[in-house]
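A short write-up of the structure that comes next.
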Amino acid sequence: LASMISDLSNPYLGLILGFLITMVLQSSTASISLLQVFASQGLINLQMAFPILFGNNIGSSTTTMIASIGSNKNAKRAGLFNFIFNLIGAMIFLFILRVPVQNLVVKLSSGDVQRQIANAHTIYNIIIVLLLYPLVNFLVNTTKKIIPDKAEDKEKSIFDFIDPEKEETPAIALEQTLKEVVRMTQLVEDNLNKSSLIFKKKEIKLVDDIYATEDRIDKLELGISTYLLNLSNQKLNKKEQYTLNSLMKVISDVERIGDNAENIARMSEKAIYNNLEFSNEALEEFDNLFDKIIISLNTTIEAFNELDLKKAKRTIKIEKEIGNMHKEYKNNNVYRLNTNLCDPASGRVFLDIISDLDSIADKCAKISDYVIEYHDSNKSKKTNILSKFIK
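First residue of the sequence shown: 0, per the numbering used here; consecutive thereafter.
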């Protein structure tokens, strides 16, 4: 490889080589480090390395795009956007800006080729962003045309209870929104349970279901947020305004819990594909933590549903218990790694998964805080403004 690079003078071949190196190493950072090693040995100069950097960026975005294939449409579009963005940037540099920017880097840097390569990479990415920023909306629309929504997806409403086309009084509109939030939470809990089965039982067939449900959750969050923003333009009384503001915060936290569930599924899928095994102790710790999380989530929704102060405080207590369990299980995981009772790769996946579970508990506590804040600001009032919550 070093001999191939040192003989490289054609910038087009340099771009291709950079692309291939990054695809093999699966990391643009590792590719750049490799170039700097060759530079320190006098095998390459900046003129040889610069086109390879272009290829590195394309290769990095290609791996991202490939990784998004099993994800939802938005993830696929993001991967495609990244690829198109870097491809256009590389072409602009290869045919127009390569030589002038190369000369600029030499003037701004010392004679150290390693430093020149690092500076070239930074300047290259800054210039690409500045040049292509005006085209962002165009590129986003392009990815939507390449990866369109299915016709049936557009025709089918994401809501079961809300009708955005129908004018409702604020009280009725909020009641319907509350029902949608409960449904959104049920979808999140369903994904959590499925992600648990993927991790414990290796039920890989559930992965696609989770991604599809997460897509519905994302759409619900956007749809409910838009509906509430439109509703906020109406004249609301104090209680209705509180309900609306709380719901805006809650749907954001619920959506993030959905992201945590998707992360657990994604990491469990990775573990299955890499034939990773987990110790009985790790599986037992996961079960203990997961059971607590489900209790926390259900108690949180009941607390917010009923504005129940006792249940809200119970959720806060459970969150502290989960935090202690998370800390203990992290230490146990380190012990298993140090005593060779656990494979390092399995240990990293386990640590990421229990961190996601701990993050869910934090968000449940945050939702319960809204209930506590309400009671603190209305100590003399017993009225339950969310009494029409669906059970």
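Glycine included, each C-beta is placed from N, C-alpha and C at the ideal position.
Model, not experiment: these values are computed from the prediction.
Which of helix, strand or coil does DSSP assign to G69?
Start at 1 with the first residue of the sequence shown, and residue 69 comes out as number 70. G69 falls in the coil class under three-state DSSP.
Going along the chain, which residues of its own chain have a beta-carbon closer than 8 angstroms to the beta-carbon of A89, five neighbours each way excluded?
For this step, residue 89 is matched to residue 90 along the sequence shown. Counting only Cβ-Cβ distances below 8 angstroms, and skipping sequence neighbours, we find L14, F53, G54, N56, I57.
Whole runs of the alpha helix (DSSP H) within the segment 332 to 376, excluding any shorter than 4 residues:
List check, alpha helix (DSSP H) in window: 343 to 376.
When the Cα of I359 is compared with those of E254, A77, E280, which residue comes out closest?
Walking along the sequence shown from the start, residue 359 turns up at place 360. Ranking the options by Cα distance to I359, first place goes to E254.
Which residues in the same chain as P10 place their Cβ atom closer than 7 angstroms to its Cβ, once the five residues preceding and following it in sequence are excluded?
The sequence position of residue 10 within the sequence shown is 11, counting from 1. Excluding sequence neighbours, P10 sits near P50, L93, R97.
Residue closest to K234, alpha-carbon to alpha-carbon, out of A170, L282, Q115
Here residue 234 refers to the residue found at position 235 when the sequence shown is read from its first residue. Per the Cα distances, A170.
Run the CB neighbour count on N273, radius 10 Å, all protein chains shown included, and call it buried at 16 or more, exposed below.
Taking the first residue of the sequence shown as position 1, residue 273 is located at position 274. N273 is classed as exposed because its beta carbon has fewer than 16 other beta carbons within 10 Å across all chains shown.
Quick check: the Cα distance between K193 and Q115, rounded to an integer number of angstroms?
The count along the sequence shown starts at 1 and reaches residue 193 at position 194. The count along the sequence shown starts at 1 and reaches residue 115 at position 116. A direct Cα-Cα distance of roughly 49 angstroms separates K193 from Q115.
Between S267 and the rest of its own chain, which residues show a CB-CB distance below 6 angstroms, the 5 nearest in sequence each way excluded?
As a first step, residue 267 must be located in the sequence shown, where it is residue number 268. Contacts found: I197, F198.
For F285 versus I209, is the C-beta distance shorter than 8 angstroms?
Counted from its first residue, the sequence shown places residue 285 at position 286. Counted from its first residue, the sequence shown places residue 209 at position 210. The answer is no: Cβ separation not under 8 angstroms.
Spatial neighbours of C363 in its chain, beta-carbon cut-off 7 angstroms, leaving aside the 5 residues before and after
Numbered from 1 along the sequence shown, position 364 holds the residue referred to as residue 363. For C363, where only same-chain residues beyond five positions count, the Cβ hits under 7 angstroms are S295, L296, T299, T314, E318.
Skipping 5 residues on each side, what residues in its chain have a beta carbon closer than 7 angstroms to that of D36?
If you number the sequence shown from 1, residue 36 lands on position 37. Looking at the sequence itself, residue 36 is Val, so the reference to Asp does not match. Excluding positions up to five away in sequence, the list is empty.
Cβ shell of K75 (< 6 angstroms), same chain only, five flanking positions each side left out:
One-based indexing of the sequence shown puts residue 75 at position 76. Listed in chain order, the non-local C-beta contacts of K75 below 6 angstroms within the same chain comprise S67, I146, local neighbours out to five positions each way being set aside.
Along the alpha helix (DSSP H) that carries K218, what are the first and last residues, could you check?
In the sequence shown, residue 218 corresponds to position 219, counting from 1. Start and end: 206 to 230.
Any idea what DSSP makes of D152, helix, strand or coil?
For the purposes of this step, residue 152 is identified with residue 153 of the sequence shown, where counting begins at 1. In this prediction, D152 has a pLDDT of 49, which is less than 50 and means its spatial position is unreliable; what the coordinates show is noted afterwards. In the structure shown, D152 sits in a helix (DSSP, three-state: H, G or I).
Report the rounded CA-to-CA distance for D361 versus N118, giving the unit in angstroms.
What you label residue 361 is simply residue 362 of the sequence shown in a count that begins at 1. What you label residue 118 is simply residue 119 of the sequence shown in a count that begins at 1. Going from the Cα of D361 to the Cα of N118 covers about 40 angstroms.
Let me know the beta strand (DSSP E) ranges lying completely inside the segment 98 to 125, each 3 residues or longer, listed in chain order.
DSSP runs (the beta strand (DSSP E)) wholly in the segment 98 to 125: none.
Of the residues D290, L186, L107, V112, which one's Cα is nearest the Cα of R215?
For the purposes of this step, residue 215 is identified with residue 216 of the sequence shown, where counting begins at 1. It is L186.
Can you have a look at V135 and say buried or exposed, based on whether 16 or more other CB atoms are within 10 angstroms of its CB?
What you label residue 135 is simply residue 136 of the sequence shown in a count that begins at 1. Per the 10 Å Cβ criterion, exposed.
Exposed unless 16 or more other CB atoms sit within 10 angstroms - verdict on T225:
If you number the sequence shown from 1, residue 225 lands on position 226. With a threshold of 16 other beta carbon atoms within 10 Å, T225 falls short and is exposed.
Is the Cβ-Cβ distance between N331 and E276 less than 8 angstroms?
Counting from 1 along the sequence shown, the entry for residue 331 is found at position 332. Counting from 1 along the sequence shown, the entry for residue 276 is found at position 277. At a Cβ-Cβ threshold of 8 angstroms, N331 and E276 do not count as neighbours.
Could you tell me whether any non-hydrogen atom of the ligand GDP is closer than 7 angstroms to the CB of K234?
Ligands in the displayed structure: none, and consequently the ligand GDP is not present.
Out of F158, A270, Y241, point me to the one whose CA is closest to D217's CA.
As a first step, residue 217 must be located in the sequence shown, where it is residue number 218. With distances taken between Cα atoms, D217 lies closest to F158.
What does the Cβ neighbour count give for L288, buried or exposed, with the cut at 16 atoms within 10 Å?
As a working note, residue 288 is residue 289 in the sequence shown. The residue is buried, with at least 16 neighbouring Cβ atoms inside 10 Å.
Please report the residue range of the alpha helix (DSSP H) in which N244 lies.
Counting from one through the sequence shown, the residue named residue 244 turns up at place 245. DSSP places N244 inside the alpha helix (DSSP H), whose first and last residues are 237 to 272.
Give a yes or no on whether the C-beta atoms belonging to I127 and V180 are separated by under 8 angstroms.
Along the sequence shown, read from residue 1 onward, the residue named residue 127 stands at position 128. Along the sequence shown, read from residue 1 onward, the residue named residue 180 stands at position 181. Not in contact: I127 and V180 (Cβ atoms no closer than 8 angstroms).
Alpha carbon to alpha carbon, how far is N337 from Y328?
Translated into the one-based positions of the sequence shown, residue 337 becomes position 338. Translated into the one-based positions of the sequence shown, residue 328 becomes position 329. CA-to-CA, the gap between N337 and Y328 works out to about 14 angstroms.
Using only alpha-carbon positions, find the residue among N102, V139, I87, S156 that is nearest to N124.
By one-based count along the sequence shown, residue 124 stands at place 125. Minimum Cα-Cα distance from N124 among the listed residues N102, V139, I87, S156 corresponds to I87.
CA-to-CA distance, I161 to K310, given in whole angstroms:
Position 311 of the sequence shown, counted from the first residue, corresponds to residue 310. Position 162 of the sequence shown, counted from the first residue, corresponds to residue 161. If you draw a straight line from the Cα of K310 to the Cα of I161, it is about 28 angstroms long.
Taking S39 as part of the alpha helix (DSSP H), name the residues at either end of that continuous run.
Here residue 39 refers to the residue found at position 40 of the sequence shown. Its alpha helix (DSSP H) spans residues 27 to 39.
Please return the same chain residues whose Cβ sits closer than 6 angstroms to the Cβ of Y369, not counting the five positions on each side in sequence.
Taking the sequence shown and counting its residues from 1, the one referred to as residue 369 is at position 370. Closer than 6 angstroms at Cβ, skipping near neighbours: S245.
Buried or exposed by the 16-neighbour rule on C-beta atoms within 10 Å, applied to E188:
Taking the first residue of the sequence shown as 1, we reach residue 188 at position 189. By the neighbour-count criterion, in which 16 or more other beta carbons inside 10 Å mark a residue as buried, E188 falls on the buried side.
CA-CA distance, D355 and T242?
As a working mapping, residue 355 is identified with position 356 in the sequence shown. As a working mapping, residue 242 is identified with position 243 in the sequence shown. Looking at the two C-alpha atoms, the distance is approximately 28 angstroms.
Using CA coordinates, which residue listed in L308, N304, G322, E305 is at the minimum distance from K291?
Counting from 1 along the sequence shown, the entry for residue 291 is found at position 292. Closest by C-alpha distance to K291, out of L308, N304, G322, E305, is G322.
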